[in-house]
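Numbering (our numbering), first residue to last: 365 to 814. Note that CB positions come from ideal geometry on N, CA and C, so glycine has one too. In what follows, a single structure is set out as structure tokens and then discussed.
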Amino acid sequence: MVKMPRMRLLHLSDIHFRSPDCETLATDRNHPYRTLLAQDAVELCREGGPVDAILVGGDIAYKGEPGEYRVARAWLLGLAHQCGCSPEGIYVVPGNHDIDRGVCAKSLTISVAQDAIAKASDDERESMLKRQLADATLGQALFQPLAAYNEFAAGFDCSVYPELPFWTDEVELDRGVRLRLFGLTSTLISGLGGRDDGPGRLYLGRLQTVLNPEQDVVNLVLCHHPPLWFSDRDDTDDNINDRAKLQFFGHEHRQRCTPTPTYMRFQAGAVNPDVYERDWKPGYNLLDISVRGEGLDRTLDVRAFVRHFQKAPEMFVALKPDRFQEVWTHSMPLPHLPPLGEAAARVEPIAPYPATAVAVAIHAAAAIAVPAEPKPEATMQGPSPRNLIFRFWDLSIAERRDIMLKLDLIDVAELRVPEPELYKKAFKLAATRGLLADLASEIERVENSH
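Structure representation (structure tokens):
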């Protein structure tokens, strides 16, 4: 894991690629605003350095159709290239427009699964969600409307499925601090029953806001809907505020930056809001995070460029924190608290007998009781797992299948499982078995054969 003394994040949301308009750029009226956004971000990067990660907060598509995601993928990769960000630095979560409502409307199973959660009492809703996710049929039904989104997100290692309805990743910052990213799925009961029409009708669930507040770890949450939109809004808001210092939301198309003593919340204005919206104003955020100081004086520092669109002349400009500044700056305590006592010294077991068969057996039993300290994990040379995943999803369906079957990471009976779920589990299995290097070799072999 490469240390980052300073990490630059680009936060976008609500891009709303809408087919068939987005598939013909010459007549896509939203295309100029995306172009101006990219140009503005590049200018900021020219002065302050390249982007390390792009956070896309949902509503990537408009109708959740495959063609919309093909255009979205091409645009995001182009934006990443212009801003100096690698493809594996792109992170995405779904929004309500990433739900295929046509799929929802045709499936009684989806309606049953969603209604069971939505109509449960407040006390029973969390256990009902877990029951639906654990059921082989109903769990898959909850994610069926996200099928096209998951195909798109899989290449960025951000697909979701019943067993794991959110994703995580980790980046090492500086001074012993790690940034842990959480991509939450706010659309589990979206698409039916008018639950997208107003606040308080969706459900996130406590299983997505565990967000363990570990020492020397900064939790970052990326989620489409702000907490107000959930029936469990109080629990969600409290858990995220208490456990995540960096928070990124979308959906409301309102550009907001809210610094508090213990966290900083960003709400992105839509990249492409509906032109008929009141106070129509595209927007995005670019921010730098860094760690400063040592011990009890250590802090997490944020410098944020909050940008929104102005007309006549058309350009992105700063949304200012006050009359005199264009950059939002904020510091939050991030103390390192040393343990009160030293770790107990490990005592090696010593056989008290001569080297007889009995003595050897006693010594072996003692060794099992006090296991050897684990050796440091060897750093894998070559591409990162996220890089491998991105390249793997650039291969054809048959090539992906054949590689995984060859390495015995899947079997034929599993091919009925949706590809994003199947191969996400296969990559985890490869890491557990120490087969990532073999997987990298197979991907490279197929790439070279093209």
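Simplified DSSP assignment, three categories, for residue i
i, result
"Leu497", "helix"
"Met696", "strand"
"Thr626", "coil"
"Ala632", "coil"
"Ile732", "Residue placement at Ile732 cannot be trusted, given a pLDDT of 42 that sits under 50; the coordinates are not used to answer."
"Gln611", "strand"
"Glu387", "helix"
"Trp757", "coil"
"Asp404", "helix"
"Ile726", "Caution applies to Ile726, whose pLDDT of 41 falls short of 50 and renders its modelled position unreliable; the value that the coordinates give is listed next. Helix, per DSSP."
"Val691", "coil"
"Phe530", "coil"
"Asn649", "strand"
"Met375", "Checking the sequence, you will find His at residue 375 rather than Met. Residue state, collapsed to three classes: strand."
"Asn394", "coil"
"Glu536", "strand"
"Cys449", "coil"
"Leu773", "coil"
"Leu779", "helix"
"His380", "coil"
"Gly659", "helix"
"Arg559", "coil"
"Gly459", "coil"
"Met744", "Because Met744 carries a pLDDT of 43, less than 50, the predicted location of this residue cannot be relied on, and no value is offered for it."
"Pro716", "Confidence in Pro716 is poor, its pLDDT being 47 and thus under 50, which makes the residue's placement too unreliable to answer from."
"Pro738", "Low local confidence applies: a pLDDT of 41 at Pro738 is under 50, so the model's placement there is unreliable, with the coordinate-based value given in what follows. Here Pro738 sits in coil by DSSP."
"Thr600", "helix"
Residue j beta carbon less than 8 Å from that of residue i
i, j, result
"Arg765", "Leu779", "yes"
"Arg750", "Glu527", "no"
"Ala436", "Ala444", "no"
"Gly421", "His588", "yes"
"Arg372", "Asp404", "no"
"Phe507", "Val535", "no"
"Pro458", "Thr551", "yes"
"His617", "Glu641", "yes"
"Asn636", "Asp378", "yes"
"Leu610", "Val655", "no"
"Phe594", "Leu566", "yes"
"Arg559", "Ala477", "no"
"Cys386", "Cys447", "no"
"Thr626", "Arg667", "no"
"Leu493", "Gly413", "no"
"Leu800", "Phe612", "no"
Unbroken beta strand (DSSP E) run spanning residue i, endpoints
i, result
"Asp665", "663-674"
"Arg544", "542-547"
"Tyr455", "454-456"
"Ala417", "417-420"
"Phe680", "679-682"
Per DSSP, cross-strand counterpart(s) of residue i
i, result
"Cys522", "Note: Cys522 sits in no beta bridge, so no partner."
"Ser654", "Arg370, Asp665"
"Val311", "Only positions 365 to 814 of the chain appear in this structure, which leaves residue 311 out of reach."
"Cys621", "Phe630"
"Val582", "Leu543"
"Ala425", "Phe381"
"Leu566", "Phe594"
Candidates the options: closest to residue i by CA position
i, options, result
"Asp580", "Glu690, Asp596, Val574, Ala608", "Ala608"
"Phe546", "Val574, Leu584, Asp560", "Leu584"
"Asp423", "Ala517, Thr388, Glu811", "Ala517"
"Lys684", "Leu374, Leu472, Tyr787, Arg620", "Arg620"
"Trp544", "Arg642, Ser554, Gly633, Thr532", "Per the sequence shown, the amino acid found at residue 544 is Arg instead of Trp. Looking at the Cα atoms, Thr532 is the closest of the given residues."
"His375", "Trp593, Ala794, His672", "His672"
"Leu786", "Ala795, Asp802, Met768", "Met768"
"Pro697", "Ala480, Asp661, Arg565", "Asp661"
"Arg597", "Thr622, Gly562, His617", "Gly562"
"Gly647", "Asp638, Ser654, Val655, Ile653", "Asp638"
"Ser383", "Leu571, Pro369, Glu488, Glu432", "Glu432"
"Gly540", "Pro702, Ser813, Gly428", "Pro702"
"Phe680", "Lys470, Ala390, Leu400", "Leu400"
"Pro591", "Ser475, Glu578, Met368, Gly564", "Gly564"
"Glu678", "Ile807, Asp758, Arg393, Tyr397", "Tyr397"
"Ser471", "Leu497, Leu502, Val456", "Leu502"
Boundaries of the alpha helix (DSSP H) in which residue i is found, first to last residue
i, result
"Arg809", "800-813"
"Ser475", "472-482"
"Ile761", "761-770"
"Val639", "Neither: Val639 is in no alpha helix (DSSP H) and is coded neither H nor E."
"Thr796", "783-797"
"Val435", "430-446"
Any C-beta of chain D under 8 Å from that of residue i
i, result
"Cys449", "Structure shown: chain D not included; a single protein chain is present."
Residue i Cβ short of 7 Å to the ligand PLP heavy atom set
i, result
"Leu664", "As for the ligand PLP, it is missing from this structure, which has no ligand bound."
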